[in-house]
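Below is one structure, written out as structure tokens, with a few remarks after it.
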Ligand SMILES: CC(C)(COP(=O)(O)OP(=O)(O)OC[C@H]1O[C@@H](n2cnc3c(N)ncnc32)[C@H](O)[C@@H]1OP(=O)(O)O)[C@@H](O)C(=O)NCCC(=O)NCCS
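In this note's numbering, the protein residues as written are 3 to 170.
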């Protein structure tokens with residue numbers, strides 16, 4: 003698959019949601035039954051990874067506003083902000099269809115998601131991206147891709163670190 007054919011776009015009626023299968027039923031069902039409605043209602047914003055001219059969904063991520071108490075963070079700067087909830091952007095859902103897993107597309111989609119988060123945070127106070135990993139294997143994936151442990155299956159990445167790594 004050519005990287006230049008990949009596109010990321012807002013979820014819409016045109017995407018073929020019925021065949022999506024990532025191996026975690028909750029994530030498949032969310033995409034099939036709730037994601038578009040939540041997107042339209044402003045509850046959870048969903049972006050679809052697909053190919054130009056195709057309806058098939060390769061992967062997707064959703065994100066929403068969130069906050070976490072500062073005590074949980076190991077990060078020097080965030081730890082200093084005692085007594086405040088730290089505003090964050092939460093990647094609430096993240097998945098690649100099984101047929102496309104293991105080809106670097108999860109990493110590609112994560113980079114797209116982080117760039118999206120940086121863009122959103124230009125107009126919104128948000129200090130970190132957080133994710134509640136679905137299981138320890140998913141957590142491994144995020145840790146491997148630069149995230150830090152927050153608690154149990156929850157991981158985070160300071161947005162200033164994301165900006166620095168993308169030179170934004
Ligand atoms: C987790 C998931 C997104 C990874 O996507 P993917 O396309 O298979 O991953 P990639 O091919 O981009 O892998 C990128 C790197 O992460 C590693 N990796 C992938 N899945 C991993 C896992 N579960 N645990 C540890 N490392 C993992 C790969 O080995 C690769 O490392 P390398 O660059 O050193 O070779 C995908 O397997 C998935 O959708 N799983 C089911 C849903 C899920 O768990 N979503 C996360 C919910 S929080």
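In this text, a Cβ means the ideal position worked out from N, Cα and C, and glycines have one as well. Fair warning: this is a prediction, and the values are worked out from it, not measured in the lab.
Extent of the continuous beta strand (DSSP E) to which residue i belongs
i, result
"residue 10", "8 to 12"
"residue 159", "156 to 160"
Where residue i falls, given that 16 or more other Cβ within 10 Å makes a residue buried
i, result
"residue 14", "exposed"
"residue 126", "exposed"
"residue 31", "exposed"
"residue 166", "exposed"
"residue 20", "exposed"
Beta-carbon proximity of residue i to residue j, cut-off 8 Å
i, j, result
"residue 84", "residue 23", "no"
"residue 133", "residue 93", "yes"
"residue 147", "residue 170", "no"
"residue 115", "residue 35", "no"
"residue 57", "residue 4", "no"
"residue 75", "residue 159", "no"
"residue 52", "residue 9", "yes"
Below-8 Å beta-carbon distance, residue i vs any chain C residue
i, result
"residue 156", "Structure shown: chain C not included; a single protein chain is present."
Same chain, Cβ closer than 7 Å to residue i, neighbours up to 5 away in sequence not counted
i, result
"residue 141", "135, 155 and 157"
Range of the contiguous alpha helix (DSSP H) that encloses residue i
i, result
"residue 144", "138 to 146"
"residue 29", "27 to 31"
"residue 37", "37 to 42"
"residue 152", "From DSSP, residue 152 is part of no alpha helix (DSSP H) but of the beta strand (DSSP E) over 150 to 153."
Beta-carbon contacts of residue i that lie in its chain and below 6 Å, excluding the five residues immediately before and after
i, result
"residue 102", "60"
Beta-carbon contacts of residue i that lie in its chain and below 8 Å, excluding the five residues immediately before and after
i, result
"residue 128", "67, 89, 90, 91, 119, 122 and 161"
- Query: Hey, which unbroken runs of the alpha helix (DSSP H) at 4 residues or more fall wholly within the segment 96 to 129?
  - Reply: 107 to 122
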